[in-house]
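Per my numbering: the sequence shown ends with 166, consecutive numbering throughout. Cβ coordinates follow ideal geometry from the N, Cα and C atoms, glycine included. In what follows, a single structure is set out as structure tokens and then discussed.
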Amino acid sequence: MGDFSEKLRKAFGSTPVEIIAAGGSGYKMIELARGGADLYIHTGGARRWDVCGPSTILQARGGVVRTLKGDSITFNRLDHSDLDPGMGIFAAASRDLFDTWASTVSSLVDKFYSP
């Protein structure tokens, strides 16, 4: 994400941003669920099975998991194990955090990132 990370920092303005490097979509969503982070923004690909369990746990704890454009992610597509190319993941530890930052993330992705 390199250059995208810097643009992301700028988009959050005066809000302090710490970008944490960590492997695995599942791990990152569990970090949100346990209170170790507030937001997770993923611009790359992912497997549905890697995201399904952790997203369910996060949502049960009051978090939100959507695509970078704010659409729901479905897990009932047995014929397609990958998330659709370019949809990415935007997850937040709470509905309030999601609502606060969803439009910022979506517009930033539109402006600076193309899969």
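Return the CA-CA distance between residue i and residue j, expressed in angstroms with no decimal places.
| i | j | result |
| --- | --- | --- |
| T155 | A143 | 13 Å |
| D122 | C103 | 15 Å |
| I70 | V115 | 19 Å |
| R60 | V160 | 13 Å |
| T94 | P67 | 21 Å |
| I124 | L90 | 17 Å |
| I108 | G96 | 20 Å |
Can you look up residue i in the DSSP assignment and give me helix, strand or coil?
| i | result |
| --- | --- |
| F141 | strand |
| R112 | coil |
| I70 | coil |
| D101 | helix |
| K150 | Residue identity differs from the one stated: residue 150 is Asp in this sequence, not Lys. Correct three-state label for D150: helix. |
| D122 | coil |
Can you tell which of the options has its C-alpha closest to the C-alpha of residue i?
| i | options | result |
| --- | --- | --- |
| D147 | G113, D133 and A97 | G113 |
| F141 | G87, K79, K58 and K162 | K79 |
Given a threshold of 16 other Cβ atoms within 10 Å of its Cβ, counted over all protein chains shown, does residue i qualify as buried or as exposed?
| i | result |
| --- | --- |
| G75 | exposed |
| R85 | exposed |
| R117 | buried |
| A111 | exposed |
| S56 | exposed |
| G87 | exposed |
Taking the continuous alpha helix (DSSP H) assigned at residue i, which residues delimit it?
| i | result |
| --- | --- |
| L90 | Note, L90: premise wrong, no alpha helix (DSSP H); beta strand (DSSP E) at L90 to H93. |
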